[in-house]
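> Note that the sequence shown ends on residue 526 in my numbering; no numbers are left out.
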Amino acid sequence: MSAPAPGPFRATGLRAASPRPMNPSRNSLSQILPAAATLRAVLVAGAVASLAAPALAQGGMRGGIAPAPVVNVGANEADVSRRLDLTIGRSLVIDLPRDAKEVFVANPKVANAVVRSTRKVFVIGIENGATSIFVMDGEGRQIAALDVTVGRDLNVLRQTLATSLPGARFDVRPAGDSVLLTGTVASAGEAQQAIDIANAFVGVGGAAVGARGAVINNLTIRGKDQVMLRVTVVEVSRQVLKQFGVNLNANWSAMNFVNGVPFPLTGGSYPAGNDISGSIKAGGFSLQATLRAFEQAGVSRVLAEPTLTAISGEAANFTAGGEIPVPTSQSCSAVLASNSSNCSVGIEYKPYGVALNFTPVVQSENRISIRVGTNVTEIDPQAAIPVSNGNNTISVPGLTVRKSETTIELPSGGTMMIAGLIQQRNRQAISGLPGMLNLPVLGALFRSRDYQRQETELMIMVTPFIAKPMDPGQVKKPDDGFTEVSDSQSVLLGRFNRLYGVVGAAPLGARYRGRVGFITD
Numbered sequence: 006m007s008a009p010a011p012g013p014f015r016a017t018g019l020r021a022a023s024p025r026p027m028n029p030s031r032n033s034l035s036q037i038l039p040a041a042a043t044l045r046a047v048l049v050a051g052a053v054a055s056l057a058a059p060a061l062a063q064g065g066m067r068g069g070i071a072p073a074p075v076v077n078v079g080a081n082e083a084d085v086s087r088r089l090d091l092t093i094g095r096s097l098v099i100d101l102p103r104d105a106k107e108v109f110v111a112n113p114k115v116a117n118a119v120v121r122s123t124r125k126v127f128v129i130g131i132e133n134g135a136t137s138i139f140v141m142d143g144e145g146r147q148i149a150a151l152d153v154t155v156g157r158d159l160n161v162l163r164q165t166l167a168t169s170l171p172g173a174r175f176d177v178r179p180a181g182d183s184v185l186l187t188g189t190v191a192s193a194g195e196a197q198q199a200i201d202i203a204n205a206f207v208g209v210g211g212a213a214v215g216a217r218g219a220v221i222n223n224l225t226i227r228g229k230d231q232v233m234l235r236v237t238v239v240e241v242s243r244q245v246l247k248q249f250g251v252n253l254n255a256n257w258s259a260m261n262f263v264n265g266v267p268f269p270l271t272g273g274s275y276p277a278g279n280d281i282s283g284s285i286k287a288g289g290f291s292l293q294a295t296l297r298a299f300e301q302a303g304v305s306r307v308l309a310e311p312t313l314t315a316i317s318g319e320a321a322n323f324t325a326g327g328e329i330p331v332p333t334s335q336s337c338s339a340v341l342a343s344n345s346s347n348c349s350v351g352i353e354y355k356p357y358g359v360a361l362n363f364t365p366v367v368q369s370e371n372r373i374s375i376r377v378g379t380n381v382t383e384i385d386p387q388a389a390i391p392v393s394n395g396n397n398t399i400s401v402p403g404l405t406v407r408k409s410e411t412t413i414e415l416p417s418g419g420t421m422m423i424a425g426l427i428q429q430r431n432r433q434a435i436s437g438l439p440g441m442l443n444l445p446v447l448g449a450l451f452r453s454r455d456y457q458r459q460e461t462e463l464m465i466m467v468t469p470f471i472a473k474p475m476d477p478g479q480v481k482k483p484d485d486g487f488t489e490v491s492d493s494q495s496v497l498l499g500r501f502n503r504l505y506g507v508v509g510a511a512p513l514g515a516r517y518r519g520r521v522g523f524i525t526d
């Protein structure tokens, strides 16, 4: 107790004890016990540390950075030329058989050579590409000729794809500055996700990763889904027509020609609703007045509901309507014998009706991306223009076109509505006798007022479904159980046909009597 024990550990805070009798007092024991406890704790800690030190040293060796790969070149004549593959940011150690004097690098931007000793050369990959490295000795003889190809570390991309898409199989290979991506995925959404990951891997980085490359998509989708699209095109048109006024129809024989045919001055009127009319005649002059009071309101509904099915990624088209001939050009040729000309008119057919085209892409098991385009074309007589063809004049009607094109993403069975395509037309006309229709009170007897308002709204509803094939045995035909009736039942009872139970169906619990099971009109 007078001196500390030899060793690497030293106990601090202890004093040497003076000789004491064999029966120490309580105070002496109280002073010795804390010091002994402290010494014991220090010794235990030192022993634990000494046992743990080898384990820590072993673990540090295990978790350390692996040494750079070493390549021996130039041991014999056949081993002078070597081909090396490097990844960007990685290095190789080249062991030389004799002392090197000169090192030449063809393209230092692709790979660099660092000489730390006369027998070792460190080759570092910098950028995508290929270069050559030559090593010479002091006498000018070639020690090594290296063809170095530097590319990206595709193991990182392989691990990222395997983590992000565990159900798919990928094979990643370098292709110059590009990356060739092959494999099998479940859907187009997974393929697009893999392409996005590869593009991010190729395009991010600058000098550490190199110039931007490209991704070559060679992925295969295991099973292409079929998408059934149900589109409902609804057009609601409301029209209000009001007419009120007085029409005057006058007839006056102003003069006669030599042959006795009168030359009348007439005024016409067009029929309307419930008219109240009367006439005044005096000699060669007659006047007819018609009171018109007419009001009309109507609503029309036009519905088209096409259903199309297409493979994911393919386009489908639907058209319900027709084609209208429209003259485009006119050519005439003179006929000398009859002193006339023959004219021909070129015709071009313009489509009208409801047209639908869509391209579905199944993104995942229950998500569908759809590019939908609708075109509603109507014949508009009000936009007609006259076209002259020699002595004949034809009226070519105009076309009213409403188009809609959008890209949406929906679940299977979900519905997207495109609405708000509203068109309003208001028309008001006042006709009457000049000078009289503007009188404050009596002018109402000499004028007629027409008011027309038309409102049209187009609404499109899109509902996609992922179509699955059915077993032919599950399909029920309309003529299942059909039985033709006898002549007596057809003539006397007016029955057309009779339906019996379908084979395999559960029997009915009760037997019905009378006209049950017959289809009548």
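By construction, the Cβ of each residue, glycine as well, lies at the ideal position given by its N, Cα and C atoms. Computed from a predicted structure; not experimentally measured.
(1) Between threonine 379 and alanine 320, which are expected to be in contact by the criterion C-beta below 8 Å, what is the C-beta distance as a whole number of angstroms?
(2) Tell me which residue opens and which closes the alpha helix (DSSP H) that glycine 403 is part of.
(3) Rounded to whole angstroms, how far is the Cβ of valine 184 from the Cβ of valine 207, which I believe are closer than 8 Å?
(4) Work out the CA separation of threonine 92 and methionine 475 for me, nearest whole Å.
(5) Could you tell me the alpha carbon to alpha carbon distance between proline 179 and alanine 111, rounded to whole angstroms?
(6) How many whole angstroms separate the CB atoms of proline 102 and isoleucine 148, which I take to be in contact at a CB cut-off of 8 Å?
(7) For a test of the three-state rule: what should DSSP assign to valine 75, helix, strand or coil?
(8) Would you identify the three-state DSSP class for valine 177, choosing helix, strand or coil?
(9) Given a threshold of 16 other Cβ atoms within 10 Å of its Cβ, counted over all protein chains shown, does isoleucine 435 qualify as buried or as exposed?
(10) Out of Asp182, Glu462, Val220, which one is the CA nearest neighbour of glutamine 197?
(11) How should leucine 97 be labelled, buried or exposed, when 16 other C-beta atoms within 10 angstroms of its C-beta is the threshold for buried?
(12) Who are the near neighbours of glycine 134 in its chain, counting only those whose CB is closer than 7 Å to its CB and skipping five residues on each side?
(13) May I ask which residues mark the beginning and end of the beta strand (DSSP E) holding aspartate 90?
(14) Taking the CB atoms as reference points, tell me whether serine 338 and glycine 351 lie closer together than 8 Å.
(15) Do you know offhand how far arginine 500's Cα is from lysine 408's?
(16) Going straight from the alpha carbon of glutamine 566 to that of glutamine 429, what length do you get?
(17) Is glycine 94 buried or exposed, if buried means 16 or more other CB atoms sit within 10 Å of its CB?
(18) Is it true that the CB of valine 119 sits closer than 8 Å to the CB of phenylalanine 127?
(19) My output table needs one value for glycine 143: the three-state DSSP class, helix, strand or coil.
(20) Compare the C-alpha of proline 171 against each of Asp158, Val190, Val177, Arg157 and name the closest.
(21) State the DSSP-derived secondary structure class of arginine 163, mapped to helix, strand or coil.
The answer reads as follows:
(1) Wrong, their Cβ atoms sit about 14 Å apart, outside the cutoff.
(2) Element bounds for glycine 403: not the alpha helix (DSSP H) but the beta strand (DSSP E), 397–416.
(3) The pair is a contact, with the Cβ atoms about 6 Å apart (cut-off 8 Å).
(4) 52 Å
(5) 22 Å
(6) 7 Å
(7) strand
(8) strand
(9) exposed
(10) Val220
(11) buried
(12) Within the same chain, glycine 134 has close Cβ partners Asn112, Val115, Val155.
(13) DSSP places aspartate 90 inside the beta strand (DSSP E), whose first and last residues are 86–92.
(14) no
(15) 49 Å
(16) Absent from the structure is residue 566, since the part of the chain shown begins at 6 and ends at 526.
(17) exposed
(18) yes
(19) coil
(20) Val190
(21) helix
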